[in-house]
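Trainee: Positions 18 to 245 (my numbering) are the ones given, in order, by the sequence shown. C-beta: ideal position from N, C-alpha, C; glycine also. Mind looking over this structure? Questions follow.
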Amino acid sequence: MVTPWPEGERNNGFDVLYHNMKHGHLSTKDLADFIRERATIEEAYSRSMTKLAKSASNYTQLGTFAPVWDVFKTSTEKLASCHLDLVRRLQEIIKEVHKYGDEQIKTYKKTKEDVSGTLEAVQNIQSITQALQKSKENYNAKCVEQERVKKEGATQREVDKVIHLVDEGKAVDVVFLDFNKAFDTVPHSILLDKLSNCGMSGFMVHWVKNWLNGRAQRVVVNGATSGW
């Protein structure tokens, strides 16, 4: 059964499946090469056993060991025949493996076209998740720095100075998230859950949810609040 969306802490499920499919033909080639090498060895062994069986005719068939020579010659010939038959079977398997490899390449090319949008969406989620996590860490660092300054008895002006430095980017990176590109290609519920898991406050998650619903937001300018 194929799940509709890859889950996991880093959304790596889809990447792993896509990577395995992409490099599957290499595994097929490795298997075919191994079987071919095995067939070569088996064929050489069969020829050696056939040669050995023929050499038994050079020895005397009279005397006490006559029945023994006959047994060894017959068994060696049968063993050579068995290995030669194995070579034929291995060659058939190689053909089937190559056939599977060709079908695998065709399937990969078709799948690549079909899931290109999904791959892009997953990569966007990963980028957004990393950006949000970094912003969360920087925000926490900002709060810790602000509390430290307050505990040290700094004036409000000094506290504001620290906040100003942080807002300038000396302690926090400003991250631009292309919501239109990323969020419209994946289920919104999954992305909103990711935002919550990254530590974003309920108010901010609600703000993003409202923005996703019709791209409408309310703004405040000089104390005046706009409508939705």
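1. Run through DSSP, which three-state label would THR57 get?
2. Leaving aside the five residues before and after PHE193 along the sequence, list all residues of the same chain whose C-beta is less than 6 Å from its C-beta, in chain order.
3. Which term fits THR81, buried or exposed, when burial requires 16 or more other beta carbons within 10 angstroms of its beta carbon?
4. Within 10 angstroms of its Cβ, does VAL139 collect 16 or more other Cβ (buried), or is it exposed?
5. Between the Cα of ALA73 and those of LYS90, THR67, LYS46 and GLN150, spot the shortest distance and give me the residue it belongs to.
6. As a quick exercise: from GLU162, HIS115 and LYS123, pick the residue whose alpha carbon is nearest that of ASP50.
7. Indicate, with yes or no, if the ligand MG has a heavy atom lying under 7 Å from the CB of ILE145.
8. Report buried or exposed for ASN37, applying the criterion of at least 16 other Cβ atoms within 10 angstroms of its Cβ.
9. Using C-beta distances below 8 Å, list every residue in its chain close to ILE111, excluding the 5 sequence neighbours before and after it, in chain order.
10. Kindly indicate which three-state DSSP category TYR156 falls into: helix, strand or coil?
11. State whether the region 120–134 contacts the region 85–104, with contact taken as three or more CB pairs (one from each stretch) at a distance under 8 Å.
12. Looking at C-alpha atoms only, which residue of ILE58, ASP210 and ASP47 is the closest neighbour of ARG105?
13. Rounded to the nearest angstrom, what separates GLN150 and GLU162 at their Cα positions?
14. When DSSP labels each residue in this structure, what does PHE82 get in the three-state scheme?
15. Going by CA-CA distance only, name the one from GLY41, ASP210, LEU34 and HIS223 that's closest to VAL122.
16. How is HIS40 classed by DSSP in three states: helix, strand or coil?
17. In chain order, what residues of the same chain lie with their CB nearer than 6 Å to the CB of GLY118, ignoring the 5 residues before and after it?
18. Thinking just about the alpha-carbon of each residue, which of VAL33, LYS39 and ASN227 is nearest to the one in TYR125?
19. Excluding the five sequence neighbours on either side, which residues of its own chain have a C-beta within less than 7 Å of the C-beta of LEU103, listed in chain order?
Mentor: The structure says:
1. helix
2. Its pLDDT being 39, under 50, PHE193 is placed unreliably by the model, and the measurement read from it follows with that caveat. Around PHE193: no qualifying Cβ.
3. exposed
4. buried
5. LYS90
6. HIS115
7. By its list of ligands, the structure shown contains no ligand whatsoever, and the ligand MG lies outside what it can speak to.
8. exposed
9. ALA49, ILE52, ARG53 and ALA56
10. helix
11. no
12. ILE58
13. 18 Å
14. coil
15. According to the sequence shown, residue 122 is Ile rather than Val. Selected option, being the one with the closest Cα: GLY41.
16. coil
17. HIS42 and THR45
18. LYS39
19. GLU59
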